[in-house]
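So in the working numbering, spot 19 of the sequence shown is number 222, and the numbers just go up one at a time. For each residue, glycine too, the CB sits at the ideal point set by N, CA and C. Structure first, then comments.
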Amino acid sequence: SEIKIGHVVRVLDGPLAPIPCASRTQYQRCEDCDEATCQVRHMMLEVRQAIAEVLDNRSLAAMRDADNDDFPVELTSQI
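See the structure below:
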């Protein structure tokens, strides 16, 4: 089956966004900033998108079948 890692993470841990005002599924407005000009929110929206891009394009089957050689060099030293 093609179960995506992003789906698993959302089910187990909730939204991918690092802060509530950047979440697509559990959005919560910040009370102390202007969302249109808040640079933290804009950056966290980019972070959320980058996380989703990686997790939503990788399946459990691909992860299971991957060798450590499939990871970039900088990641293999951390595994």
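For Glu256, the enclosing alpha helix (DSSP H) begins and ends at Gln242 to Leu258. Cβ-Cβ separation between Asp259 and Lys207: approximately 5 Å, consistent with a contact (criterion under 8 Å). Going by beta carbons, Pro223 and Gln229 fall inside the 8 Å limit. When the beta-carbon positions are compared, Glu205 and Ala255 stay at least 8 Å from each other.
Ser262 is bridged by DSSP to Lys207.
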